[in-house]
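Notes to accompany the following structure.
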Amino acid sequence: MATLPSPDDVLAALRGVIDPELGADIVELGMARAADVRDDGSVVVTVALTTAGCPLRAQLKRDVISRVEGLPGVTTVRIEWAEMTPEQRSAAMDVARRAAQGSAGPNAVPTGARVLAIASGKGGVGKSSISANLAAALARRGFAVGVIDADIWGFSIPRMLGLEGRLAAEAAPDGGRRITPHSLAVGAGRLDVVSMGLLVDDETDALMWRGLILNRAVQHFLEDVAWADDLDYVVVDLPPGTGDVQMGLARMLPQTEMVVVTTPALAAQRVASRAVTMARKSHLHVLGVIENMSAFRCEHGELHAVFGEGGGAALAEEAGVPLLGSVPLEPAVSTGGDTGAPVALGTGPAAEALRSIADRLVDELAPPIPMAGCSARMLAAATAALDAAGS
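In this text, residue positions in the sequence shown follow numbering that gives the first Met the number 0: the first is 0, and each later residue adds one.
What follows is the structure in structure tokens.
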């Protein structure tokens, strides 16, 4: 029989639950109040919200349960909700402000934007195609979406979205200069895109950079871009693997949430599991798995599992996260990527699958943070008041 965790063990595990608005863990913020471990392995966790109607309550519940259920001997997890007093909220805002200043470093990504990093364990699984199409599907729903092509070596987002021309810079209020993203209207929404592909003279140019330089390039995309304040989402197309860029993003944007892309091949699933491990070691929340190139339907209506079967479901089960969807192998996907017309904006099985994944993210797993969000708005107001008092 597994030894039961102590209350301190439970609270230590909860340090991996990051408030996506405040960028600090819920123990440090004073939100995780207490843990009661019963003899039958059931655990009751007391969590205090900044406001009773906090729109992130459902996500915090999922994250808390996921962390505590993973401890040896735990059978069930129940959360008792409480609400912070004004003094406790003020203390939490102070912690969040110090964490934002001391750990993440300066960046221009709006605090009200949800950051979705699209990752894979290896190349060749269609990660960039998923990134471009998910961003387009989110914009199609009317959202303002920032797109960061962090695959510095293998940039392909500009071509997939039909963007050309070098990025320009504009004067900033602090006397410096900021990169202006390329903006593209999509239905009622908008894509704001930065990529190394928009900073080189030719798409075929090879960048022979080492890890520290790559990490610095991504840092520029976070700090030195004039990101609009109204962004609802930021989609980050990560390079394959688990290297410097991934770890740097976790440090610079701790509120990042990860979506892992794999193919049906079980071998690809095993490699993709490394991306999940990296995310969790970096305290990033893994939203789910997307299986790309799931099957090909021929003109006679027969399905052919060209790349095998079961990889996406196996990875999702192993990681304890949902399988967000399976995107079929369809010529229209690659054609759309080559011509700058994302298939998610068209018709067909792949388009429907991609839009369904975007809908699930928006409606269930990663809803946009309301303009009157419970924590970030109070933090902004507190920061403004402190800055005004000090001027």
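Ideal placement from N, C-alpha and C gives every residue a C-beta, glycine not left out.
Nothing here was measured: the structure is a model prediction, and the numbers come from that model.
- For glutamate 317, no beta strand (DSSP E) encloses it; the enclosing alpha helix (DSSP H) starts and ends at 310-318.
- Of all C-beta pairs linking the segment 140-158 to the segment 263-275, fewer than three are shorter than 8 Å, placing the two stretches out of contact.
- Under the three-state reduction of DSSP, alanine 365 is assigned to coil, being neither helix nor strand.
- Remark: fewer than three beta-carbon pairs, one from each stretch, lie closer than 8 Å, so the segment 160-171 and the segment 229-236 are not flagged as touching.
- Between valine 285 and methionine 251, the C-beta gap is not smaller than 8 Å, which leaves the two residues out of contact.
- Residues Pro71, Gly72 of the same chain have their beta carbon placed closer than 7 Å to that of threonine 2, with the five preceding and five following residues left out of the count.
- In this structure, the straight-line span from the alpha carbon of serine 293 to that of methionine 92 is close to 45 Å.
- When secondary structure is reduced to three states using DSSP, glycine 145 falls in the strand class.
- Distance from the CA atom of lysine 121 to the CA atom of glutamate 82, rounded to whole angstroms, is 43 Å.
- By the neighbour-count definition (other C-beta atoms within 10 Å, threshold 16), histidine 181 is a buried residue.
- Residue state for alanine 350 is assigned as helix, using DSSP reduced to three classes.
- In its chain, beyond the 5 residues on either side, Glu329, Ala331 have a beta carbon closer than 7 Å to the beta carbon of glycine 347.
- Counting along the chain, the unbroken beta strand (DSSP E) around threonine 179 starts and ends at 176-179.
- When secondary structure is reduced to three states using DSSP, glycine 153 falls in the coil class, being assigned neither helix nor strand.
- Between leucine 13 and glycine 186, the alpha-carbon positions lie close to 40 Å from each other.
- The beta carbon of leucine 10 sits closer than 7 Å to those of Val26, Ala31, Ala34, all from its chain and outside the five residues before and after it, given in chain order.
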